[in-house]
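Numbering (this note's numbering), first residue to last: 1 to 295.
Structure, as structure tokens:
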């Protein structure tokens, strides 16, 4: 006969037992070095592009009218310096960043990459002779403290490899889907707001670009009656919307890149044939192009 009193269940385990997580802790130091190098390369690329634009305010045109840019002890064409910055940006944000993500989790990779703000500060001081104000020093200190706390609190057993099924589950779960949709909604809303703002309050440069007469003096090409000054409150608001939109776009880009890298390690097991793999790649490429064009 069946026992009417089955044995009691044991107490629930808390925290739950972790899943079979795939990572390689022996390569953590290499991932940390590559993440810091990625931030350094991106910061240097940004300063190079600012250096190229600071000399003339533009890159192309009559070479006799463009001032050369001093770099590595020699005069360089501004367009070449700017292109060099673009190449280094691609290597840092797409090359070393991607490889670092194969060895360390995103919770550690992101704070280490954010140190590019500190790198940017000191490289700008060396190459552009920018002043290190107390506010900038304080900001750099706060960034370093935040990155250190995130790095210390990063779990050492976090996964660095994901199957396509796991990534698809992340996108389909309520929390993951809500987070991803929220990011997209904020980016799209900010793009709409920026387009409306620029249409309502165009700059002289924007009006000249519309007329396709950028080679002519701006004052001769623009009807200044079309220029409108935005209210100060709106100006301050949009000064936050522009960089926030770029940061959110990069967040989506890095999430998709991280997912694609994680799945690429399982291609030999058929991970790259899942429908989510090409979708993530398309999203990554699209947000990368948007980041570069808006940055």
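Heads up, the beta-carbon is just placed ideally off N, CA and C, and yes, glycines get one too.
Can you grab the Cα-Cα spacing for the pair residue i / residue j, in whole Å?
{"i": "residue 48", "j": "residue 145", "result": "27 angstroms"}
{"i": "residue 52", "j": "residue 235", "result": "27 angstroms"}
{"i": "residue 140", "j": "residue 80", "result": "30 angstroms"}
{"i": "residue 255", "j": "residue 179", "result": "11 angstroms"}
{"i": "residue 68", "j": "residue 44", "result": "19 angstroms"}
In this structure, what does DSSP give as the bridge partners for residue i?
{"i": "residue 143", "result": "BP columns for residue 143 are empty, so no partner."}
Using the beta-carbon count (16 or more within 10 Å), is residue i buried or exposed?
{"i": "residue 106", "result": "buried"}
{"i": "residue 296", "result": "Outside the modelled stretch of the chain, which goes from 1 to 295, sits residue 296, for which no answer is possible."}
{"i": "residue 275", "result": "exposed"}
{"i": "residue 164", "result": "buried"}
{"i": "residue 214", "result": "Below a pLDDT of 50, predicted positions are generally treated as unreliable, and residue 214, at 47, falls in that range; no measurement from the model is reported."}
{"i": "residue 282", "result": "exposed"}
{"i": "residue 126", "result": "exposed"}
{"i": "residue 72", "result": "exposed"}
{"i": "residue 70", "result": "exposed"}
{"i": "residue 135", "result": "exposed"}
{"i": "residue 269", "result": "exposed"}
{"i": "residue 35", "result": "buried"}
Give a single yes or no on whether residue i has its beta carbon closer than 7 angstroms to a heavy atom of the ligand NAD.
{"i": "residue 282", "result": "This structure does not include the ligand NAD; it has no bound ligands of any sort."}
Is the beta carbon of residue i less than 8 angstroms from the beta carbon of residue j?
{"i": "residue 190", "j": "residue 245", "result": "yes"}
{"i": "residue 186", "j": "residue 240", "result": "no"}
{"i": "residue 262", "j": "residue 161", "result": "yes"}
{"i": "residue 119", "j": "residue 39", "result": "yes"}
{"i": "residue 168", "j": "residue 111", "result": "no"}
{"i": "residue 108", "j": "residue 143", "result": "no"}
*In chain order, each alpha helix (DSSP H) run of at least 4 residues that lies wholly inside the segment 91 to 177*: 97 to 100, 106 to 113, 116 to 127, 134 to 153, 164 to 172
*asked:* Going residue by residue through the segment 28 to 88, where are the continuous alpha helix (DSSP H) segments of at least 4 residues, counting only ones entirely within it?
replied: 28 to 56
*asked:* Could you tell me which whole beta strand (DSSP E) segments of length 3 or greater appear in the segment 233 to 274?
replied: none
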